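Residue numbering for the sequence shown is 193 to 510, as defined by full-length UniProt numbering.
Ideal Cβ placement from N, Cα and C applies to all residues, glycine included.
Quick caveat, the model's predicted, so the values are computed rather than measured.
Presented below is the structure to which this report refers.
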Amino acid sequence: TWTPDSFVETTVAELKEKLGNDKVVLGLSGGVDSTVAATLISKAIGKNLYCIFVNNGLLRKNEFENVLDQYKHMGLNVKGVDASARFLKELAGESDPEGKRKIIGRVFIETFDDEAHEIKDVSWLAQGTIYPDVIESVSATGGPSATIKSHHNVGGLPDFMKLKIVEPLNTLFKDEVRRVGKSMGIDAELLGRHPFPGPGLGIRILGDITPEKVRILQEVDAIFVQGLKDAGLYDKVWQAGAMLLPVNSVGVMGDERTYEKAVVLRAVESTDGMTADWVNLPYEFLQKTSNKIINSVKGVNRVVYDISSKPPATIEWE
Ligand code: XMP
Numbered sequence: 193t194w195t196p197d198s199f200v201e202t203t204v205a206e207l208k209e210k211l212g213n214d215k216v217v218l219g220l221s222g223g224v225d226s227t228v229a230a231t232l233i234s235k236a237i238g239k240n241l242y243c244i245f246v247n248n249g250l251l252r253k254n255e256f257e258n259v260l261d262q263y264k265h266m267g268l269n270v271k272g273v274d275a276s277a278r279f280l281k282e283l284a285g286e287s288d289p290e291g292k293r294k295i296i297g298r299v300f301i302e303t304f305d306d307e308a309h310e311i312k313d314v315s316w317l318a319q320g321t322i323y324p325d326v327i328e329s330v331s332a333t334g335g336p337s338a339t340i341k342s343h344h345n346v347g348g349l350p351d352f353m354k355l356k357i358v359e360p361l362n363t364l365f366k367d368e369v370r371r372v373g374k375s376m377g378i379d380a381e382l383l384g385r386h387p388f389p390g391p392g393l394g395i396r397i398l399g400d401i402t403p404e405k406v407r408i409l410q411e412v413d414a415i416f417v418q419g420l421k422d423a424g425l426y427d428k429v430w431q432a433g434a435m436l437l438p439v440n441s442v443g444v445m446g447d448e449r450t451y452e453k454a455v456v457l458r459a460v461e462s463t464d465g466m467t468a469d470w471v472n473l474p475y476e477f478l479q480k481t482s483n484k485i486i487n488s489v490k491g492v493n494r495v496v497y498d499i500s501s502k503p504p505a506t507i508e509w510e
């Protein structure tokens with residue numbers, strides 16, 4: 193019978209055999225799959241696993257620093273690459289959702305390729321692909337591997353795509369990945385993280401992306417997500433986040449009329465992201481969260497809660 197412990201034991205032995213003294217490169221996303229894949233491979237080959245964690249400037253507030261720190265404490269050989277400025281520069285002026293996805297995917301690949309070139313004699317590319325990704329071919333939950341897959345047919349292949357592929361999780365479902373992670377001692381908080389799309393806040397800022405909009409949305413999102421955690425609601429929700437709308441609305445502050453941004457809060461229940469229901473969050477929680485956002489995030493004067501299910505709506509707004 194399958195147990196997480198036996199899976200770890202067999203897989204580590206197989207990886208040792210397969211990889212020997214070879215060098216392997218892997219893109220970490222902060223998500224569950226890439227983290228569990230990296231931990232398994234690292235158990236087998238140690239420092240010969242080179243992990244790369246790219247900051248695309250569209251991560252959650254403080255996410256890059258916090259997750260990088262966590263990875264280092266876990267003993268992973270990881271290099272953090274802050275490419276925020278480059279992503280934001282290339283995205284400037286683009287407001288089409290697919291256009292933004294293409295730019296983010298391309299710049300990720302270019303950044304990753306440059307970094308992979310720094311590693312001498314690397315022969316394998318590891319990915320956190322799980323079984324549902326194999327059948328659907330495009331990951332619902334994202335991360336670097338999904339980005340690579342959906343964009344690798346554009347133009348010539350970057351060099352790292354010519355590497356041999358190792359995907360130790362490609363027979364597992366998500367809950368099994370979490371159990372395997374737990375059996376290797378990965379932090380429960382990390383394993384319980386909500387899915388987060390590869391293009392990150394880039395597809396939650398409707399319309400064009402500017403550093404100021406990223407700042408606003410990071411603040412709003414952080415208040416919402418921390419609020420869910422504090423209220424014990426985070427684990428009851430499958431995915432939650434905020435969207436920044438490309439409209440201003442009129443408000444009033446003191447004697448002044450304001451004309452500022454409106455944000456959307458979205459929380460859904462789902463099992464695989466294919467269908468989803470909006471979560472009936474307590475009014476009191478919504479009230480508290482809305483007050484906190486409007487009082488502390490400069491540039492926002494209106495908060496709305498999304499009560500649409502998928503289908504016909506989608507989880508993301510773009
Ligand atoms: P939708 O909006 O299609 O989202 O209902 C379903 C799930 O997929 C995630 N998502 C993405 N993940 N790249 C990703 O890696 C993307 O471009 C992308 N678009 C949506 C979304 O967050 C949800 O979990």
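Could you check whether the Cβ of residue i sits closer than 7 Å to any heavy atom belonging to the ligand XMP?
i	result
residue 387	yes
residue 294	no
residue 391	yes
residue 222	no
residue 465	yes
residue 418	no
residue 327	no
residue 395	yes
residue 508	yes
residue 431	yes
residue 502	yes
So, with DSSP's three-state summary, where would you put residue i?
i	result
residue 399	coil
residue 353	helix
residue 392	helix
residue 489	coil
residue 343	Confidence at residue 343 is low in this model, with a pLDDT of 43, below 50, so its placement is unreliable and no value can be given for it.
residue 337	Bear in mind that a pLDDT of 45 at residue 337, under 50, signals an unreliable position, so the number given afterwards is only what the model happens to contain. In this structure, residue 337 counts as helix in the three-state DSSP scheme.
residue 211	helix
residue 378	coil
residue 205	helix
residue 464	coil
residue 279	helix
residue 285	coil
residue 328	helix
residue 244	strand
residue 501	coil
residue 423	coil
residue 483	helix
residue 218	strand
residue 196	helix
residue 372	helix
residue 253	coil
Could you check the C-alpha separation between residue i and residue j for me, to the nearest Å?
i	j	result
residue 502	residue 431	13 Å
residue 369	residue 493	41 Å
residue 372	residue 460	25 Å
residue 496	residue 204	48 Å
residue 297	residue 448	43 Å
residue 486	residue 479	11 Å
residue 215	residue 378	23 Å
residue 405	residue 326	35 Å
residue 421	residue 455	20 Å
residue 473	residue 357	42 Å
residue 232	residue 193	20 Å
residue 247	residue 477	31 Å
residue 276	residue 197	38 Å
residue 375	residue 202	13 Å
residue 251	residue 236	30 Å
residue 361	residue 407	35 Å
residue 463	residue 425	17 Å
residue 416	residue 283	26 Å
residue 187	residue 469	With the chain covering only 193 through 510, there is no way to say anything about residue 187.
residue 181	residue 439	No answer is possible for residue 181: the residues shown for the chain start at 193 and end at 510.
residue 218	residue 500	37 Å
residue 466	residue 328	11 Å
residue 484	residue 384	25 Å
residue 410	residue 364	32 Å
residue 352	residue 270	17 Å
Does the beta carbon of residue i sit closer than 8 Å to a beta carbon anywhere in chain D?
i	result
residue 446	No chain D appears in the structure shown, which is made up of a single protein chain.
Q.
Below 8 Å, how does it come out for the stretch 202-212 and the stretch 304-311: are there three or more Cβ pairs, yes or no?
A. Contact between the stretch 202-212 and the stretch 304-311 is absent: fewer than three C-beta pairs spanning the two stretches fall below 8 Å.
(Q) For the stretch 279-292 against the stretch 391-403, do three or more pairs of beta-carbon atoms, one drawn from each stretch, fall closer than 8 Å, so that the two count as touching? (A) Touching, yes.
Q) Does the stretch 441-455 come close enough to the stretch 309-320 to have 3 or more Cβ pairs within less than 8 Å? A) Cβ pair count under 8 Å is below three, so no.
Q.
Does the stretch 263-272 come into contact with the stretch 227-234, if we say contact requires no fewer than three beta-carbon pairs (one atom in each stretch) closer than 8 Å?
A. Cβ pair count under 8 Å is three or more, so yes.
**Q.** the stretch 231-247 / the stretch 380-391 touching (three or more Cβ pairs under 8 Å)
**A.** Three or more Cβ pairs closer than 8 Å define a contact, and the stretch 231-247 falls short of that threshold against the stretch 380-391.
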